[in-house]
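As given, the protein sequences belong to chains A and B, one line each in that order. Here the first sequence is numbered in full-length UniProt numbering, starting from 1 and rising by one per residue. Here the second sequence is numbered in full-length UniProt numbering, starting from 1 and rising by one per residue. Glycine residues also receive a C-beta, built at the ideal position from the N, C-alpha and C atoms. What follows is a single structure, written as structure tokens, with notes after it.
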Amino acid sequence: MQPVNSHLFLLVGAGLFSIGLAVVLLKRHAIVVLMGIELMLNAVNINLVAFSQYDPNRLQGQMLSLFVMVVAAAESAVALAIVMQVYRHFRTAQLDELNELKQ
Amino acid sequence: MVQLAFYFFAALTLGGALAVLLTRNVLYAAFFLLLTLFGVAGLFVLASADFLAIAQIMIYVGGVLVLVIFGVMLTHKPERPADTNSQQPNRIISASRFAKGAGWIIPVLVVGALFVALQTLLARANFSLLDQPAGWQNTTPVIGKQLMTEYVVPFEIAGILLLASLVGATYLAASHTKPSRHATR
Chain A
1 MQPVNSHLFL LVGAGLFSIG LAVVLLKRHA IVVLMGIELM LNAVNINLVA FSQYDPNRLQ
61 GQMLSLFVMV VAAAESAVAL AIVMQVYRHF RTAQLDELNE LKQ
Chain B
1 MVQLAFYFFA ALTLGGALAV LLTRNVLYAA FFLLLTLFGV AGLFVLASAD FLAIAQIMIY
61 VGGVLVLVIF GVMLTHKPER PADTNSQQPN RIISASRFAK GAGWIIPVLV VGALFVALQT
121 LLARANFSLL DQPAGWQNTT PVIGKQLMTE YVVPFEIAGI LLLASLVGAT YLAASHTKPS
181 RHATR
């Protein structure tokens, strides 16, 4: 049971962060943009956990990624509520069509 | 064996993320996000973070993804079927990519440059810590001890943050028309 080389975890984290950034920049539905933000937070968590396995007594990386998960859950709840209100107001959730402050 | 499991979970993670990027349907994107989150949980297990893997499945798959799917279904718009531009939010696969949908070139360039920069950075960084293999360990007792000693203040602040954000989300998502009219009459 030889553990995996940690460089590969960092490579997977880099790829996942890039794909998440691409989702945020390219997609036009508000909820898909939120999914891209979740992908970037997961990539950061992979990096934190990959470094944290060399710190078995304090596990600072895993503690930080636990708090990142909590903040991500709170963020997605508030953001989805805002998207719901925006959809109720403008009858759309496409970000390109939301170009007025008041309607 | 462990290497094979690692490559399986890495392929699941990156393939799910690429499918989120490339699919046109918002609901399919939510289901591909499920694949990605399971893959990340498997990678956590292989990095000897068992508690975080279970927390990932419970928080993301059980909470955030259910919220996202509810949001997709509540903001889905079945009318206006002629407007294919809003139903297909992906500019890469659109047919008129060179006519008017050329806005995807700069984001793709930025993302590709970021990935190449991160890769060269990781190749040149030469972490001496990562060359020695880390052993498997059980992290749940250490996390419990850390939450009650060193991280007790962030733990309580996280609890207050969750309470405040969920109350705020409930207030934001509620419709304010009916109770005010009922209170005045």
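Does the beta-carbon of B:Ser175 have 16 or more other beta-carbons within 10 angstroms, so that it is buried, or is it exposed?
exposed
Short check: CB of B:Ala49 to CB of B:Thr139, under 8 Å?
yes
Give the residues from the segment 4-27 of chain A that approach chain B closer than 8 Å (Cβ to any Cβ), ordered along the chain.
Val4, Asn5, Ser6, His7, Leu8, Phe9, Leu10, Leu11, Val12, Ala14, Gly15, Leu16, Phe17, Ser18, Ile19, Gly20, Leu21, Ala22, Val23, Leu25, Leu26 and Lys27
At which residues does the alpha helix (DSSP H) containing B:Gly112 begin and terminate?
Ile105 to Ala125
By the criterion of Cβ-Cβ separation under 7 Å, what are the contact partners of B:Phe31 in chain A?
Residues of chain A passing the Cβ test: none, with the nearest at roughly 11 Å.
From which residue to which residue does the alpha helix (DSSP H) around B:Thr23 run?
Neither: B:Thr23 is in no alpha helix (DSSP H) and is coded neither H nor E.
Nearest chain A C-beta to B:Leu118 closer than 8 Å, yes or no?
Yes, contact with chain A.
Please state the DSSP three-state secondary structure of A:His29.
strand
Is there at least one Cβ from chain B nearer than 8 Å to A:Ile37's Cβ?
Cβ-Cβ to chain B under 8 Å: no for A:Ile37.
What are the start and end residues of the alpha helix (DSSP H) that includes A:Val70?
Gln60 to Phe90
Beta-bridge pairing of B:Gln56 - partner residues as DSSP gives them
Note: B:Gln56 sits in no beta bridge, so no partner.
A:Gly13 and A:Ile37 closer than 8 Å at C-beta:
no
Rounding to the nearest angstrom, what Cα-Cα distance links B:Ala125 and A:Met40 in this structure?
22 Å
Answer with buried or exposed for B:Tyr7, where buried requires no fewer than 16 other C-beta atoms within 10 angstroms of its C-beta.
exposed
With 8 Å as the C-beta to C-beta threshold (strictly closer), list the residues of the segment 52-66 of chain B near chain A in chain order.
Leu52, Ala55, Gln56, Ile59, Tyr60, Gly63 and Val64
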